[in-house]
Amino acid sequence: MAKVLVKGNEAIAQAAINAGCQCYFGYPITPQSEIGEYMGAHLPEMGRNFITAESELASINMVIGAGTTGTKAMTSSSSCGIALMQEAISAMCCAEVPGVIVSVMRGGPGLGNIAPAQGDYFQAVKGGGNGDYKTIVLSPSTVQEAIDLTYRAFYLSLKYRNPVMLLADGLLGQMMEPADFGEYPYKDPDVSTWALNGADNRPARNIVSLHMPEGELEQLSNRIFEKYEKIKKEETTYEGFMLEDAKLVLTAFGTVGRIAKSAVLKARGEGMKVGLFRPVTLFPFPEKQLNDVAKNADMVLDLELNQGQMLLDVRSSVFGACPVEFYGRSGGGMLTPDMIFEKVKELYAAINKTKVGVK
Amino acid sequence: MAETLVYKRPESLLKDGHFTFCPGCGHGVVLKIIAELIDEFNLQKDTIAISSVGCSIFLEKFFNLDVAGASHGRSPCVATGVKRCKPDKFVFTYQGDGDAATIGFNETIHTACRGEHISMIMINNTNFGMTGGQASATTLVGQVTTTTPKGRKAELTGYPLHAAEIVAKCDGTAYCARVAITDSKNIRQAKAAIKKAFEAQLNGLGFGFVEVLAACPTNWHMTPVESVKHIEEVTEKIHCLGVFKDVTVQEKV
Amino acid sequence: MKDVSVIISGFGGQGALFAGILLCHAAVVEGKHTTWFPSYGAEMRGGAVNCCVNISDKEIPSPVVDTVDVVIALNDASQKKFENKVKKGGFMILNSSLSHIPTTRNDISYIKLPLNDLAQKLLQPAFINVMALGAFIEKTSALKLESVIESMKEMSKTVSAKKAALLPNNIESLNFGAELIRNQAVVV
Chain A
146 MAKVLVKGNE AIAQAAINAG CQCYFGYPIT PQSEIGEYMG AHLPEMGRNF
196 ITAESELASI NMVIGAGTTG TKAMTSSSSC GIALMQEAIS AMCCAEVPGV
246 IVSVMRGGPG LGNIAPAQGD YFQAVKGGGN GDYKTIVLSP STVQEAIDLT
296 YRAFYLSLKY RNPVMLLADG LLGQMMEPAD FGEYPYKDPD VSTWALNGAD
346 NRPARNIVSL HMPEGELEQL SNRIFEKYEK IKKEETTYEG FMLEDAKLVL
396 TAFGTVGRIA KSAVLKARGE GMKVGLFRPV TLFPFPEKQL NDVAKNADMV
446 LDLELNQGQM LLDVRSSVFG ACPVEFYGRS GGGMLTPDMI FEKVKELYAA
496 INKTKVGVK
Chain B
121 MAETLVYKRP ESLLKDGHFT FCPGCGHGVV LKIIAELIDE FNLQKDTIAI
171 SSVGCSIFLE KFFNLDVAGA SHGRSPCVAT GVKRCKPDKF VFTYQGDGDA
221 ATIGFNETIH TACRGEHISM IMINNTNFGM TGGQASATTL VGQVTTTTPK
271 GRKAELTGYP LHAAEIVAKC DGTAYCARVA ITDSKNIRQA KAAIKKAFEA
321 QLNGLGFGFV EVLAACPTNW HMTPVESVKH IEEVTEKIHC LGVFKDVTVQ
371 EKV
Chain C
1415 MKDVSVIISG FGGQGALFAG ILLCHAAVVE GKHTTWFPSY GAEMRGGAVN
1465 CCVNISDKEI PSPVVDTVDV VIALNDASQK KFENKVKKGG FMILNSSLSH
1515 IPTTRNDISY IKLPLNDLAQ KLLQPAFINV MALGAFIEKT SALKLESVIE
1565 SMKEMSKTVS AKKAALLPNN IESLNFGAEL IRNQAVVV
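Those protein sequence lines, which keep their order, are chains A, B and C. Numbers 146 to 504, taken from our numbering, label the letters of the first sequence in order. Numbers 121 to 373, taken from our numbering, label the letters of the second sequence in order. Numbers 1415 to 1602, taken from our numbering, label the letters of the third sequence in order.
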């Protein structure tokens, strides 16, 4: 199929439709309203469901309803709206309800602003909800990847009966570039063994998140954490760019990853051995893969549009293999290729100086 | 002499699903009514029940039905999601006043306005039962609860919310009533009302809502008998019984 | 072809964002890599808006750039805001109908086009954003004018009949903008 020019938000919406998403429930918020608008324009005429819900609380709980029937459903929102969904996301993990949540981050905290930002890494990856749980988090850096990861989100969500969050930022949501939709590439698992559709010739089923009997919740917790271990083993992905001989390794997720790529190219142009490690899955985080890279590097520089959130995962992955520095902007400020390049130049010089000192 | 079967436990209740409610509590009565109706409509194989938070939560312990759980106040949303995906299934929510009329009243109203083809049963015992009897939105002025130890004062916390009257105003509501289960006659009327709400869904008319005034003797610090008397003499004066909307009747007019 | 980056800026309603999308679309027609990203205020009308477009034969890593080859400023506020964003040796297209403030750099060149005044001569309504785009294409040879026209035709298939009826106006505006450069009928 030929490439078409498409806006990030609309690409996500169309990809969801291609993935077989039967229901969209959402509440408008900038910078992702195009997703709801696109769904509103297309789903009803396809005989699928679209509801502008009364709130994000309602949206995500409608997704839960759809998910308990084994139906592919999605909601989308931005920062403060995603905050309202956290209780339900926790419940989905506990009750093992599938569903896709698209989070197009804006500036925060509070109502913040509508500029691109990455301040919701913790919210997505560490979970703003209660209890022990993990949301699978996928982080696209291009419109093409937004399509591919939307497909993957629906698949993983059904495969593991766990919510999957597509974590994008306002820049990716609002930008346009050519992309190829292709076709939904996955074979979805059978849901008939667990989905609710009436207790017809089988024992009644329940999908609930309250487990009062002694030991029941602990048993459940152990079981879902075994599942998370399997997810870590089988689903972790990242992009490595010019890492083979990299002395300074940049880490960045989402659009910052591609901005950093420009800085890497510029640095390489000046003979600096710089590479980029971009996690595509934020949970599961590519811990071992980053550690392997860090062992051969002199320094890791983590870049984010926040005050240092993924930094914690980067540090724990590097695990002392080399020093980790951080450079970020927050509140809607944008990192540019030149800003990153200047930081790279400064740190690269420092690395070499230290080495000379050792000699 | 051949025995005549005069009563049979509903198939929609689990055989070993013994109710665990306090003596005099209204939940058991209403759950049994619901189970009987689902049997009567032969819907047991086609029902998905949505539980809520509070004493209304443990549906899967009592019902021989598929059950989806919902967080506090969100049962109508979960029900909406289920019904939209499975329009040929029978979907109802079972909630209390702390859930449907307090934390989740926004969802209640919007679900009614959308005219979702679901049925919603709200037990109103004018307090948060499971958490120990705190004041809810429907608590009566003057009612003593653990958060209003000297009685609810209107000048501090306002007035009780009349859920059924408000839901009746929503255009998507097909049937809406408030009933009580204080005696056999009332229980029969309650069953008739819930049946109407179910029929509204089954006939594709829209949203059905039944608010059931029920006793909470433990938190009211009354005996079951006193509680029933309290509903008749006090609660019903504020939360009046009646059918507030019935599109099948209006159509006939 | 050399990579090209351009910022198109104006106030809401001048069509800065649309001109950028059109440019991107034409780049896709030519099989090039391209990115477009917008920036705007909270207002639905009248706020300051701009978009940044990159066109390249190679994959474009960062859609965000520090400096651009060209800035198209459709009003004075845009001129002020983006004058320092132009790379040394680059140029600015200024709408001298709406911008009378002095230029401040001598390491870039300026093309001053009284777009709103010139638009009066054309089929009405005429479009200053598309006129500026025509001038940009002609000046940079970043893409072929025909590709832009093909894009306009493609896009007119997906919009309302009322908007689609304006296709001839758009084509005339584009060609007129290009002619301004070709005929060097402007103060440079």
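The beta carbon of each residue, even a glycine, is placed where N, CA and C say it ideally should be. No experiment lies behind these values; they were computed from the predicted model shown.
The DSSP-derived three-state label of Q159/A is helix.
Shown here, D447/A sits in a strand according to DSSP, grouped into three states.
In the DSSP secondary-structure assignment, C1465/C is bridged to I1422/C, P1452/C. The beta carbons of F398/A and R368/A sit about 29 Å from each other, so the pair does not count as a contact at 8 Å.
Contact annotation: S248/A and S223/A have beta-carbon atoms nearer than 9 Å.
The distance from the Cβ of A320/B to that of A283/B is about 17 Å, inconsistent with a contact at the 8 Å cut-off.
For K1495/C, the uninterrupted alpha helix (DSSP H) run begins and ends at 1490-1496, by DSSP. Per the coordinates, the alpha-carbon of A466/A lies some 10 Å from the alpha-carbon of V445/A. At a cut-off of 9 Å between beta-carbon atoms, L179/B makes contact with chain A. Within chain C, no residue has its CB atom less than 8 Å from the CB of R251/A, the nearest being about 12 Å off. With distances taken between CA atoms, A274/B lies nearest to V261/B out of T266/B, V261/B, T267/B. Below the 7 Å Cβ cutoff, chain A contributes no neighbours of T1554/C, its closest Cβ being approximately 20 Å away. For T338/B and A190/B, the gap between their C-alpha atoms comes out near 25 Å. V211/B and I168/B have their C-alpha atoms spaced approximately 5 Å apart.
Residue state for P189/A is assigned as helix, using DSSP reduced to three classes.
With contacts defined by Cβ atoms closer than 9 Å, Q164/B and L185/B form a contacting pair. Using a C-beta cut-off of 8 Å, the region 275-285 of chain A makes no contact with the region 252-260 of chain A, since fewer than three inter-stretch Cβ pairs fall below that distance.
In this structure, I1486/C lies away from A1441/C, with their beta-carbon atoms at least 9 Å apart. Residues are counted here when their Cβ sits less than 7 Å from a Cβ of chain C; for the region 399-415 of chain A these are R403, I404, K406, S407, L410, given in chain order. Taking the Cβ atoms as the reference, F178/B lies roughly 11 Å from L134/B, outside the contact range of under 8 Å. As far as DSSP is concerned, I1515/C takes part in no beta bridge. In the structure shown, G326/B adopts coil according to DSSP, grouped into three states. Per DSSP, reduced to three states, the secondary structure at C166/A is coil, with no helix or strand assignment.
Per DSSP, the continuous alpha helix (DSSP H) segment holding I158/B begins and ends at 147-160. Measuring C-alpha to C-alpha distances from C1465/C to each of I1474/C, K1472/C, Y1454/C, K1558/C identifies Y1454/C as the nearest. In the displayed model, T259/B falls within coil according to three-state DSSP, outside both helix and strand.
Contacts with chain A at 9 Å (Cβ-Cβ) include D1480/C. Apart from sequence neighbours up to five positions away, the residues of its chain that approach Y183/A with a beta-carbon distance below 8 Å are N154, E155, A158, Q159, ordered along the chain. For the 9 Å CB-CB criterion, Q452/A and Y383/A do not form a contact. Secondary structure note for R251/A: its beta strand (DSSP E) is the uninterrupted segment 244-252. DSSP links E470/A through a beta bridge to L446/A. Listed along chain A are R403, I404, K406, S407, P482, each with a C-beta nearer than 7 Å to that of S1476/C. Secondary-structure assignment with DSSP links A300/B through a beta bridge to L333/B. Contact check between the region 308-328 of chain B and the region 347-358 of chain B: fewer than three CB pairs, one atom from each, fall below 8 Å, which does not count as touching. Minimum Cα-Cα distance from A218/A among the listed residues E190/A, G226/A, R306/A corresponds to R306/A.
Here the region 350-369 of chain A makes no contact with the region 409-418 of chain A; the two share fewer than three CB pairs at distances below 8 Å.
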